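Visitor: Sharing a structure with you now.
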Amino acid sequence: IMVYLRPGFIVVIVGVTLTAVSTLVVGFRYFCRWYRMGLVAATDHLIFVALVCTWGNTVINYYQDESSRRFRPSQLRDPEKRPKLEVSLRGTLVTWYVYRMTYGVALCFVKLSILSSYRSIATNRRFRRVVNGTILFVILYTISTTLASAFQCTNPAASYDTSAYLAQFDKSRKKPLQNVKCFNPTKLWLFTGAVNLFTDVLIMGMPIPTLLSLRVPMSKRLALIGIFSVGIMAIVASCVRMWVMALWAESPQNSARFGTDLLLWGQVETNAGIVSASVPFLRLAW
Numbered sequence: 023i024m025v026y027l028r029p030g031f032i033v034v035i036v037g038v039t040l041t042a043v044s045t046l047v048v049g050f051r052y053f054c055r056w057y058r059m060g061l062v063a064a065t066d067h068l069i070f071v072a073l074v075c076t077w078g079n080t081v082i083n084y085y086q087d088e089s090s091r092r093f094r095p096s097q098l099r100d101p102e103k104r105p106k107l108e109v110s111l112r113g114t115l116v117t118w119y120v121y122r123m124t125y126g127v128a129l130c131f132v133k134l135s136i137l138s139s140y141r142s143i144a145t146n147r148r149f150r151r152v153v154n155g156t157i158l159f160v161i162l163y164t165i166s167t168t169l170a171s172a173f174q175c176t177n178p179a180a181s182y183d184t185s186a187y188l189a190q191f192d193k194s195r196k197k198p199l200q201n202v203k204c205f206n207p208t209k210l211w212l213f214t215g216a217v218n219l220f221t222d223v224l225i226m227g228m229p230i231p232t233l234l235s236l237r238v239p240m241s242k243r244l245a246l247i248g249i250f251s252v253g254i255m256a257i258v259a260s261c262v263r264m265w266v267m268a269l270w271a272e273s274p275q276n277s278a279r280f281g282t283d284l285l286l287w288g289q290v291e292t293n294a295g296i297v298s299a300s301v302p303f304l305r306l307a308w
């Protein structure tokens, strides 16, 4: 018997599973830091905030599935069916509006946690300056993109207005709706995806020269590099998500088709970042 699972429901299952794994890893990290070192620092609290944000994104994914499952994308083109699905559509638009901001905030705290751990062990003045500069960039970049997402329209409520959204599917409409002034967010989302990928690669590559220069046996240096290389999972997920986002942004039809893929890889990227940021501290258990 074939059992059909909605793509949105699969996103929820994957999100809950991955975030539960991240919760166990972060909990074990706190255990190692407190009971092995007697110290819990800012880097630990930052990753905890990232974990809370990720659980928040998982809850949002659940409501995205609950609202979107009540209608099919093809029904959006039929004016006669629109009144029946307006409430569900509004729920979908609201959850996507919130998700665009919380997703970036979660990634920000993951990166700040990793950079904070770099800062605590940095002995080279030049390396410390690079870390401090990257921290400042990540904070300012996240604030600016979050505000840009929040004020995509001069009136933020227009971002999740159903009539404005449905107007995209009216081929006969030649003029935009009056009193609805929004910028096209596609370029912003593609830009944020590219910057996220760039900062992922930059942050994961930062400690490698320092690790190679440590006066420890080569086997231990390679082991340390291997631990930090777990972050490659986050980079791969970021690459795939960037590709999916390019497909998703091509048209309103594609946004409905590839929306669940975008959410799925967002979960993989964020949770891979949390795990890769925590793995180096788990060595304290042995």
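For the sequence shown, the working numbering assigns the number 23 to the initial residue and increments by one for each residue that follows.
The C-beta atom is built at its ideal place from N, Cα and C for all residues, glycine as well.
It should be emphasised that the depicted structure is a prediction, and the values quoted were computed from it without experimental measurement.
By how many angstroms is the C-alpha of residue 295 removed from the C-alpha of residue 72?
Guide: As a first step, residue 72 is located in the sequence shown; it is residue number 50 there, counting from the start. As a first step, residue 295 is located in the sequence shown; it is residue number 273 there, counting from the start. Computed Cα separation, rounded: 10 Å.
Visitor: For residue 139, which option in 36, 228, 283 and 269 has the closest C-alpha, if you only look at C-alpha atoms?
Guide: Taking the sequence shown and counting its residues from 1, one reaches residue 139 at position 117. Looking at the Cα atoms, 228 is the closest of the given residues.
Visitor: Grab me the residues of residue 80's own chain with a C-beta within less than 8 Å of its C-beta, minus the 5 sequence neighbours each way, in chain order.
Guide: Along the sequence shown, read from residue 1 onward, the residue named residue 80 stands at position 58. If we look at residue 80 and ignore the five residues flanking it on each side, its Cβ neighbours are 34, 37, 38, 41 and 289.
Visitor: On a Cα-Cα basis, can you pick out the residue from 152, 208, 104 and 172 that is closest to residue 270?
Guide: Locating residue 270 in the sequence shown gives position 248, counting from the first residue. Answer by Cα proximity: 208.
Visitor: According to DSSP, which residues form a beta bridge with residue 312?
Guide: Because the chain spans 23 through 308 in this model, residue 312 falls outside it and cannot be assessed.
Visitor: Is the separation between the beta-carbon of residue 172 and that of residue 123 shorter than 8 Å?
Guide: By one-based count along the sequence shown, residue 172 stands at place 150. By one-based count along the sequence shown, residue 123 stands at place 101. Against a cut-off of 8 Å, the Cβ pair of residue 123 and residue 172 comes out as a contact.
Visitor: Whole angstroms is fine: what's the gap from residue 111's alpha carbon to residue 161's?
Guide: Within the sequence shown, numbered from 1, the residue matching residue 111 stands at position 89. Within the sequence shown, numbered from 1, the residue matching residue 161 stands at position 139. Between residue 111 and residue 161, the C-alpha separation is close to 33 Å.
Visitor: When we look at the beta-carbon of residue 297 and count the other beta-carbons within 10 Å, is it buried (16 or more) or exposed?
Guide: For this step, residue 297 is matched to residue 275 along the sequence shown. Label assigned to residue 297: buried.
Visitor: So, for residue 136: in the same chain, excluding its five sequence neighbours on each side, which residues have a beta-carbon less than 7 Å away from its beta-carbon?
Guide: Reading the sequence shown from its first residue, position 114 is the one you call residue 136. Correct list, in chain order: 225 and 299.
Visitor: Compare the C-alpha of residue 212 against each of 259, 265 and 144 and name the closest.
Guide: For the purposes of this step, residue 212 is identified with residue 190 of the sequence shown, where counting begins at 1. Of the candidates 259, 265 and 144, the one whose C-alpha sits nearest the C-alpha of residue 212 is 265.
Visitor: Would residue 221 pass as a contact of residue 167 if the rule is Cβ separation under 8 Å?
Guide: The sequence position of residue 221 within the sequence shown is 199, counting from 1. The sequence position of residue 167 within the sequence shown is 145, counting from 1. Against a cut-off of 8 Å, the Cβ pair of residue 167 and residue 221 comes out as no contact.
Visitor: Under DSSP, the alpha helix (DSSP H) around residue 260 begins and ends at which residues?
Guide: Position 238 of the sequence shown, counting from 1, holds the residue named residue 260. 254 to 270 is the extent of the alpha helix (DSSP H) around residue 260.
Visitor: Here's the rule I'm using: 16 or more other beta-carbon atoms within 10 Å means buried, otherwise exposed. How should residue 322 be labelled?
Guide: Limits of the chain in this structure are 23 at one end and 308 at the other, which puts residue 322 out of reach.
Visitor: Considering only C-alpha positions, which residue in the set 175, 133 and 131 is nearest to residue 204?
Guide: Counted from its first residue, the sequence shown places residue 204 at position 182. The candidate whose alpha carbon is nearest that of residue 204 is 175.
Visitor: Note down, in chain order, each residue of its chain lying with its Cβ closer than 7 Å to the Cβ of residue 48, except the 5 sequence neighbours on either side.
Guide: Here residue 48 refers to the residue found at position 26 of the sequence shown. Excluding residues within five positions, the ones whose Cβ falls inside 7 Å are 69, 70, 73, 296 and 300.
Visitor: Could you check how far apart the C-beta atoms of residue 181 and residue 63 are, in whole angstroms? I think they sit under 8 Å.
Guide: Here residue 181 corresponds to residue number 159 of the sequence shown, with the count starting at 1. Here residue 63 corresponds to residue number 41 of the sequence shown, with the count starting at 1. Their Cβ separation, rounded to whole angstroms, is 38 Å, which puts residue 181 and residue 63 out of contact at 8 Å.
Visitor: Skipping 5 residues on each side, what residues in its chain have a beta carbon closer than 6 Å to that of residue 184?
Guide: Stepping through the sequence shown from its first residue, residue 184 is reached at position 162. For residue 184, where only same-chain residues beyond five positions count, the Cβ hits under 6 Å are 108, 111 and 112.
Visitor: Roughly how many whole angstroms lie between the Cα atoms of residue 50 and residue 105?
Guide: Mapped onto the sequence shown, residue 50 falls at position 28. Mapped onto the sequence shown, residue 105 falls at position 83. Computed Cα separation, rounded: 50 Å.
Visitor: Classify residue 293: buried if its beta carbon has 16 or more other beta carbons within 10 angstroms, exposed otherwise.
Guide: Walking along the sequence shown from the start, residue 293 turns up at place 271. It is buried - the Cβ of residue 293 has at least 16 other Cβ atoms within 10 Å.
Visitor: Taking its Cβ as the centre, do 16 or more other Cβ atoms sit within 10 Å of residue 155, making it buried, or is it exposed?
Guide: Numbered from its first residue, the sequence shown carries residue 155 at position 133. Classification of residue 155: exposed, given that the 10 Å Cβ count is below 16.
Visitor: I need the straight-line Cα distance from residue 164 to residue 93, nearest angstrom please.
Guide: By 1-based counting over the sequence shown, the position of residue 164 is 142. By 1-based counting over the sequence shown, the position of residue 93 is 71. Going by the C-alpha atoms only, they are around 33 Å apart.
Visitor: Quick one: using the 10 Å Cβ neighbour count with 16 as the cut-off for buried, is residue 44 buried or exposed?
Guide: Sequence index remark: in the sequence shown, residue 44 carries index 22 (1-based). The residue is buried, with at least 16 neighbouring Cβ atoms inside 10 Å.
Visitor: Are the CB atoms of residue 121 and residue 82 nearer to each other than 8 Å?
Guide: Within the sequence shown, the letter at position 99 stands for residue 121. Within the sequence shown, the letter at position 60 stands for residue 82. Closer than 8 Å, so yes.
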